[in-house]
Amino acid sequence: MSLLGPGLAADARRLGGAFGGFLRAVAETARARGAPSVHFLSSEGRWFAATYARIRAASPDAMRIPPARHLPISRQASFLASLETCDPASLAPLLAQYTRASLGAVLASLGVACPAAELSGFGLHAARPWAEQAPRAFACTALMRRVELRRQEQRGLLLRYLAQQGLSAGGEALVADIGWRGSIQDNLSRLLPRARLHGCYFLLLAPFVAAAPDSTRQSFLAPDAATARRLRFGAPLELAVGSPHGSVTGYRAGDAGVTPVEAPPPRQPAAIADHLAGFRAALAEVATGAPSTPDVALRDVLRVLEHPSEALAALYLGCERDESFGTGGSVGSPAPLTLGRLFAALPRRAARHRLGLALADSGWPWALLRRDLPWLLPLLRPALLRLDLRLPGAPRSLTPIPQYMA
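Numbering follows this note's numbering, in which position 375 of the sequence shown is assigned residue number 393; successive positions increment by one, without gaps.
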């Protein structure tokens, strides 16, 4: 821990305790519900599953705590495969969530390869917003046939892969993830309509689609509506427990059965990768020994997000972020925010809107200000809380989290 420096060490204590409390809550939920095992989803699930295993092994009641495994899956790999058809209504959750995405980015999010020149031959433009071309795209038989073939292929492969991983098409299963809207669980519920899925999340925010009737979930952090808005920028939490591997983009069949297909990992300078590995190891050490209660965890997470240490902000801004679902690729470090740019935006509403979107798109506006204009951060904090007004502020109605293990 001392090798991290005081800033990162304090962040590790706060976040490690919060994640440790979450994992103990997952374990207690799994035990209470009689789940045979826990499936940790997404790329963050690799860290969660490994740390959960350490907590379980150290517990005197290890035999009564269900084991866990990492289920390599993502929103991108599960969304199209979960659909029974590719009509506009079925694709609405993706299209409504990414209103500013280009047509090329939407197709990439679906895993559909269609070069810009070929789209141009269909009278479509890869770089222009999908919203203004949606009617023509859905009317393009050749393009929609390609989307449908991808859907059929990936649906069959994902069903086989889930069966290999012990997630059956019927009965009850327990899944867990960092959050934020339970989208992968929603996809799995569409794909496995006879299964009863219960999800445990570190944090749930307002959903984009209604949950299936047999799909229940709970959140370790349960903020009120006002506090939930302060937790919208959770990208640094994903980085903290992320994986050096690329995200899962689909599945393929081979001699060993169905296996995940991973995208290239986001680029990281070697020095940053080393610091991240050390930070994640420190998080795991704290999580196994000093869990936090939900109220303490909420306080500590807000402290890390809204008062970023210089070291954690530098790690975050030095990494690419995988935003392949929605943008079609990775997002690099945002451009410097200068005082001139800030003041130039103040008199003009459109310029203020563009600046607000740029801050929101950074994934962690507090880190951007900490890097570029640290002296303004306390003054601008109230304005940051009003960014991204398209997202509802109130979280989903949640099942109360059970008391975590002693």
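Every residue gets a Cβ at the ideal spot worked out from N, C-alpha and C, and that includes glycine.
{"Check": "Cβ distance (whole Å) where Ser7 is taken to contact Arg82 below 8 Å", "Outcome": "Any answer about residue 7 is impossible in this case: the structure gives the chain only from 19 up to 424."}
{"Check": "Straight-line Cα distance separating Gly189 from Leu416", "Outcome": "No answer about Leu416 holds up, because its pLDDT of 36 lies below 50 and its placement is not dependable."}
{"Check": "Exposure of Gly139, with buried meaning 16 or more beta-carbon neighbours within 10 Å", "Outcome": "exposed"}
{"Check": "Three-way DSSP call (helix, strand, coil) for Ser261 in this model", "Outcome": "coil"}
{"Check": "Those residues which DSSP pairs with Asp195 across a bridge", "Outcome": "Tyr219"}
{"Check": "Distance, Ser380 Cα to Asp318 Cα", "Outcome": "22 Å"}
{"Check": "Exposure of Pro418, with buried meaning 16 or more beta-carbon neighbours within 10 Å", "Outcome": "Because the pLDDT at Pro418 is just 38, under 50, the model does not fix this residue reliably, and the value given afterwards should be weighed accordingly. By the 10 Å Cβ count, Pro418 comes out exposed."}
{"Check": "Buried or exposed (CB count within 10 angstroms, at least 16 for buried), Trp393", "Outcome": "exposed"}
{"Check": "Cβ contact check for the region 123-138 and the region 91-100: 3 or more pairs under 8 Å", "Outcome": "yes"}
{"Check": "Close Cβ partners of Arg408 (< 7 Å) along its chain, the five nearest in sequence each way excluded", "Outcome": "With a pLDDT of 42 at Arg408, under the threshold of 50, the modelled position of this residue cannot be trusted; read the value that follows with caution. Hits under 7 Å: none found."}
{"Check": "Alpha-carbon to alpha-carbon, His143 and Gly450", "Outcome": "Given a span of 19 to 424 for the chain in the structure shown, any question on residue 450 remains unanswerable."}
{"Check": "Reference Ala289, options Ala378, Gly336, Gly174 and Arg235, closest by Cα", "Outcome": "Gly336"}
{"Check": "Local Cβ density within 10 Å of Gly184, reported as buried at 16 or more and exposed below that", "Outcome": "exposed"}
{"Check": "Element boundaries [alpha helix (DSSP H), containing His293]", "Outcome": "Ala288 to Gly307"}
{"Check": "Proximal residues to Gly23 (C-beta, below 8 Å), its chain only, five neighbours per side dropped", "Outcome": "Ala329"}
{"Check": "Three or more C-beta pairs below 8 Å linking the region 216-223 and the region 236-256", "Outcome": "yes"}
{"Check": "Between the CA atoms of Arg208 and Ala331 - distance to the nearest angstrom", "Outcome": "38 Å"}
{"Check": "Given Pro278 as reference, the closest of Arg178, Ala45 and Ala295 once Cα atoms are compared", "Outcome": "Arg178"}
{"Check": "Bridge partners - Leu59, DSSP secondary structure assignment", "Outcome": "Leu89"}
{"Check": "Start and end residues, beta strand (DSSP E) containing Leu239", "Outcome": "Thr234 to Leu239"}
{"Check": "With 16 other Cβ atoms within 10 Å as the buried cut-off, status of Asp105", "Outcome": "exposed"}
{"Check": "Three-way DSSP call (helix, strand, coil) for Ser120 in this model", "Outcome": "strand"}
{"Check": "Touch test, the region 38-53 against the region 162-171, Cβ-Cβ under 8 Å, three pairs minimum", "Outcome": "no"}
{"Check": "Through-space distance from Arg31 to Pro309, alpha-carbon basis", "Outcome": "10 Å"}
{"Check": "Cβ neighbour criterion (16 or more within 10 Å) applied to Gln151", "Outcome": "buried"}
{"Check": "Residue range of the unbroken alpha helix (DSSP H) whose run includes Pro8", "Outcome": "Here the chain covers residues 19 to 424 and nothing more, so residue 8 does not appear."}
{"Check": "Beta-carbon proximity list for Arg173, same chain, < 6 Å, skipping 5 on both sides", "Outcome": "Ala99"}
{"Check": "Contact belief for Pro283 with Pro254 at Cβ below 8 Å, rounded distance in angstroms", "Outcome": "Contact doesn't hold; Cβ gap of about 18 Å is too wide."}
{"Check": "Simplified DSSP assignment, three categories, for Pro278", "Outcome": "strand"}
{"Check": "C-alpha gap between Leu323 and Trp382, whole angstroms", "Outcome": "8 Å"}
{"Check": "Glu102 (DSSP reduced to helix, strand or coil)", "Outcome": "coil"}
{"Check": "Thr356 (DSSP reduced to helix, strand or coil)", "Outcome": "coil"}
{"Check": "Among Asp292, Leu320, Ser186 and Gly268, nearest to Ala246 - alpha-carbon criterion", "Outcome": "Leu320"}
{"Check": "Start and end residues, alpha helix (DSSP H) containing Ala43", "Outcome": "Pro24 to Arg51"}
{"Check": "Candidates Asp292, Thr117, Leu387 and Arg212, of which the one nearest Pro354 by Cα", "Outcome": "Leu387"}
{"Check": "Three-way DSSP call (helix, strand, coil) for Arg64 in this model", "Outcome": "helix"}
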